[in-house]
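Protein sequence lines, in the order shown, are assigned to chains A and B. Mapping of the first sequence onto the working numbering: position 50 corresponds to residue 50, and the numbering continues sequentially without gaps. Just so we're on the same page, the working numbering is the position in the second sequence counted from 1, plus 1000. For reference, the structure discussed in these notes is given below.
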Amino acid sequence: MLQSRGALEQAEFQLMAFTHGEGVVSAGLERDIALQKASNSDSNQRETLLSVVQMSERVAALKSKIGTLPERTTTQIRSSDNPLLLEKMKSTLLDLQLKRTNLLAKFQPSYRTVQEVDEQIAKTKASIASEAGDPVREQFTELDPNHEWVKAELMKSQVELAALQARVIANGSVLTSYRKEAKRLGDSAIQQEELLRNVKAAEEKYLLYVNKREEARIGDALDEGGILNVAVVQKPKVPALPQHSTLAFGLIGMVFATVLSTGLGFTADYLDPTFRTPDEITAHLGFSVIASLPAATVLAGE
Amino acid sequence: MGTNAAVLDRQEECTQFETHFPVHAAMPTSVLAWDPSRFAEDQIRALVRQVFSQDSPKPARHVVFSAMQTGTDLASICMLAGEALSNYVSGSVCVITDEPGSSLTDKHFSQIASARDDVRDMEVLGKWRRLANNLWHTPDAVCGQAPGAASALLLRAKLTELRQNFDYAVIQGPSPAQPSELSHVGHLCDGIVLVLEAHVTRRIAAQRIKEKLHRADARLLGIILNSREFPVPSRLYGKL
């Protein structure tokens, strides 16, 4: 028995040493938790990789689109005459015509000065005609919203792609660490289960010896008392609650006693063969009772 | 002429009976606290009024009281009935009991004599004792003094003498255990009052006695229930 107890203590000591050395309490449970985390991390990694591919395609498409879209677009084109210039030219023409009229009052049209004025008048008219035929043109442009949207989305997608790529790298390292931890805990779980089996086996062995010793002690005690061939089939247990409710027993007993006593009273009253009241005499004999007297001591005048 | 006088005397007695024995005389307990003694007296007065009432088609004047059980204090009942009767009729009343040495009866005599103002000393006239002005008593057994036919003749002679000397008679009769004698006495008298003991007298026995009296053509005037118990306490009964 001492040997079995020593074996049990040794097995328990080995289990404690393993627990302290490995830093695990329940290797199997922790392994399962690590595997669960690794599974979750792997799932996240796959989703992140899909996002990276999706984002790369998006960046490529945006880059191709941004080359085809103009940076600015014409929003308004307006054509009109130059009124100041025309007014000035018409004023000049009027002055030239007044000057020619004055010159014609003094000189012949063939006079050189008159002809110069005629030539200037002709140029001025030509200029006015030219100006009237070529109006002023104004054109307004703005930034293209599609080009701007593509540009912004491209920038945003590039940033998100960089973040996703960083997340893929980080998730990869975490996943690797989880897998390593799960593998280590799996090995530890195997060792711990083996140690637990050893402890359990040692404990059962020890309890078996204890029970056998107790049975032997009981057997010796019974032998000393002259009682033989007695074996405890099942250990007695003290119930936590009584098998039947005391209150229910009391109520049933009270009801039964009430019914029984009432029935006995009615039975005794029914079976009583004597007269007790004047009404019974009237009912039984058909004669009315002319007097009902109390006890004889009353008649004596006491 | 003599018949008319007797009728007039009877009418006078009836008037006196009703005057001295009003209907409400038996019911004062309704306004007073319940008292067993007073209750017994009221019951006796009601008994006298009902048995000796002159309103009935066949009024009874000489009545035999018979107890079913041997332990019944029949002499006291007869004395109480005789006393109550003497208070409310002007005619002479006699009480015949068969217990000459009963201390209980003597006690009744003393109480009656001391309570009545109409008699100073108990007058003794032969075997008769006068307890009141119109109340007489004799401790003489009516039956059982002689066997057979001699007893019957003697009984007839006694009752004839009683009828001649007294207007009313309360007679302690034989027990129903002697049915032939009781029937004979009942036949000679005006009727029989049967006294039953509560919780003692059996129904079947009372039924047999009633049938025997009926076959003997004896008139059963009524029944007294003696030693009746009241299960309700007197304090509570008085409040009802």
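Yeah, the Cβ is synthetic: ideal placement off N, Cα and C, and Gly gets one too.
In terms of Cα proximity to Gln1207(B), the closest of Arg58(A), Thr101(A), Ala202(A), Thr282(A) is Thr282(A). Between Arg1215(B) and His1199(B), the alpha-carbon positions lie close to 27 angstroms from each other. Annotation for Gln1043(B): no residue places its beta carbon closer than 7 angstroms to its own, counting only its chain and skipping 5 residues before and after. For Gln1054(B), no alpha helix (DSSP H) run applies, since DSSP gives it neither H nor E. Taking CB atoms only, Thr1070(B) has no neighbour in chain A less than 8 angstroms away.
Short of 6 angstroms from the beta carbon of Phe140(A), and not among the five residues preceding or following it, lie these beta carbons of its own chain, in chain order: Thr75, Gln76.
Here the alpha carbons of Glu71(A) and Ser127(A) stand approximately 39 angstroms from one another. Straight-line measurement puts the Cα of Ala231(A) at about 12 angstroms from the Cα of Asp220(A).
Bounds of any beta strand (DSSP E) do not take in Gln1069(B), whose DSSP letter is neither H nor E. DSSP, read as helix, strand or coil, puts Thr1201(B) in coil.
When Cβ-Cβ separations below 8 angstroms define contact, Leu293(A) makes contact with chain B. For Thr1201(B), the residues of chain A that pass the 7 angstroms Cβ criterion are Thr274, Phe275, in the order they occur in the chain. Around the beta-carbon of Lys1158(B), 16 or more other beta-carbon atoms lie within 10 Å, marking it buried. Straight across, the Cα-Cα distance linking Tyr178(A) with Thr73(A) is about 56 angstroms. Taking a cut-off of 8 angstroms for Cβ pairs, the segment 1059-1069 of chain B and the segment 1174-1188 of chain B touch, as three or more such pairs fall below it.
Exclusion of the five residues before and after Pro278(A) leaves Val289, Ser292 as the residues of its chain whose Cβ lies within less than 6 angstroms of its Cβ.
Taking CB atoms only, Ser261(A) has no neighbour in chain B less than 8 angstroms away. Only Leu1220, Leu1221, Gly1222, Ile1223, Ile1224, Leu1225, Asn1226, Ser1227, Arg1228, Glu1229, Phe1230 from the segment 1217-1234 of chain B bring a Cβ to less than 9 angstroms from some Cβ of chain A. In this structure the segment 44-56 of chain A touches the segment 165-174 of chain A; the number of beta carbon pairs closer than 8 angstroms is three or more. One finds Ala1046, Leu1047, Gln1050, Val1051, Val1193, Leu1221, Gly1222, Ile1223, Ile1224 in chain B with Cβ atoms closer than 8 angstroms to the Cβ of Ile290(A), taken in chain order. Only residues of its own chain outside the window of five on either side were considered, and among them Ser4, Arg5, Leu8 have a CB closer than 6 angstroms to the CB of Tyr206(A), listed in chain order.
Judged by DSSP secondary structure, Arg1129(B) falls within the beta strand (DSSP E) whose first and last residues are 1128-1130.
In this structure, the CA atom of Arg31(A) is about 16 angstroms from the CA atom of Gly21(A). Ranked by Cα distance from Lys183(A), the first of Gln10(A), Met1(A), Leu35(A) is Leu35(A). Interface criterion met: the Cβ of Leu285(A) is under 8 angstroms from a Cβ in chain B. The continuous alpha helix (DSSP H) containing Ser41(A) extends over residues 27-68.
By alpha-carbon distance to Phe13(A), the top candidate from Glu153(A), Ala105(A), Leu195(A) is Leu195(A). The secondary-structure analysis by DSSP pairs Trp1136(B) across a beta bridge with Cys1094(B), Arg1130(B).
Proximity of the segment 1162-1172 of chain B to the segment 1088-1096 of chain B meets the contact definition, three or more beta-carbon pairs being nearer than 8 angstroms. Under DSSP, Leu1194(B) shares a beta bridge with Ser1066(B), Ile1223(B). Ile1223(B) has its alpha-carbon roughly 15 angstroms from the corresponding atom of Ala1060(B). Note on Met1068(B): 16 or more other CB atoms within 10 angstroms of its CB, so buried under the neighbour-count rule. Ile77(A) is bridged by DSSP to Gln139(A).
Put simply, the CB of Ile1171(B) is far from chain A, with every gap to its CB atoms at 8 angstroms or more.
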